[in-house]
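Novice: Once you've had a glance at the structure underneath, I'll fire off some questions.
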């Protein structure tokens with residue numbers, strides 16, 4: 020695909036360029052088709068993992084990265100932090116299946132300019148892209164009220180709500196996968212960790228959430244996951 024400086028509309032005006040980073044090919048295809056239908060937007064790169072994304076960013080210099088929150092291995096949040104460090108001028112819009120303000124807050128604090136859930140209709144995705152490219156911050160409407168409470172300090176805070184704010188980013192990933200029904204070996208495979216490391220994270224999560232046994236952790240994680248999907 021062409022470098023962003025070479026992408027032009029028929030009227031000669033430079034298009035704004037987008038790179039998609041998602042490990043699901045069908046999702047990438049759908050998003051690319053949606054974006055490329057817009058006269059002022061152009062998908063210049065599609066990556067299925069972190070290594071591909073880094074190489075393509077250096078080659079194409081996109082205006083915006085549309086980043087899946089739940090990438091395998093490093094994970095979207097860790098990659099976001101690294102990408103923002105190497106490419107400080109890059110705008111990032113995170114797209115996620117998690118309709119949960121704890122995730123949105125963390126990606127925004129890590130440097131993303133927007134957070135949109137995958138359940139949103141296509142026109143909302145385009146709206147979010149344009150919002151972020153205009154220099155503004157976007158959040159899915161279902162999360163906006165809660166995020167504003169957190170930012171303004173008027174709410175009880177995430178830790179007061181459910182204790183999840185005390186979890187480190189990787190611990191939150193493990194907790195979410197427990198709720199999804201994944202066993203330790205599956206979690207280890209998805210996050211590129213050893214089963215022993217996953218067990219260590221489980222123990223840390225239990226301690227931080229005040230849970231004594233594994234079944235309590237599993238029950239809590241499953242209830243939380245079902246309530247946010």
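Numbering (this note's numbering), first residue to last: 20 to 248.
Note that beta-carbon positions come from the ideal geometry of N, C-alpha and C, so glycine has one too.
1. DSSP three-state label for residue 66, please.
2. Hey, which unbroken runs of the alpha helix (DSSP H) at 4 residues or more fall wholly within the region 46–101?
3. Roughly how many angstroms lie between the CA atoms of residue 180 and residue 186, to the nearest whole one?
4. Under the assumption that residue 87 contacts residue 59 (Cβ atoms under 8 Å), give the Cβ distance between them as a whole number of angstroms.
5. Leaving aside the five residues before and after residue 44 along the sequence, list all residues of the same chain whose C-beta is less than 8 Å from its C-beta, in chain order.
6. Contact between the region 142–155 and the region 98–105 is defined here as three or more beta-carbon pairs at a separation below 8 Å; is this criterion met?
7. According to DSSP, which residues form a beta bridge with residue 35?
8. Over the uninterrupted beta strand (DSSP E) stretch that includes residue 112, give me the two end residues.
9. Just to confirm the assignment, what range does the beta strand (DSSP E) spanning residue 135 have?
10. Using CA atoms only, rank isn't needed, just tell me which of 154, 194, 118, 80 is closest to residue 160.
Specialist: Working from what's here:
1. Three-state DSSP puts residue 66 in a strand.
2. Qualifying alpha helix (DSSP H) stretches, in chain order: 69–79.
3. Note that residue 180 scores 45 on pLDDT, short of 50, meaning its location in the model is unreliable; the coordinates nonetheless yield the value given after this. Roughly 13 Å between the two C-alpha positions.
4. Not confirmed; about 23 Å, so no contact.
5. Here the set comprises 67.
6. No: the two stretches stay apart, fewer than three of their Cβ pairs being nearer than 8 Å.
7. Note: residue 35 sits in a beta bridge opposite 60.
8. Per DSSP, residue 112 belongs to the beta strand (DSSP E) from 110–115.
9. Counting along the chain, the beta strand (DSSP E) containing residue 135 begins and ends at 133–136.
10. It is 118 whose Cα lies nearest to the Cα of residue 160.
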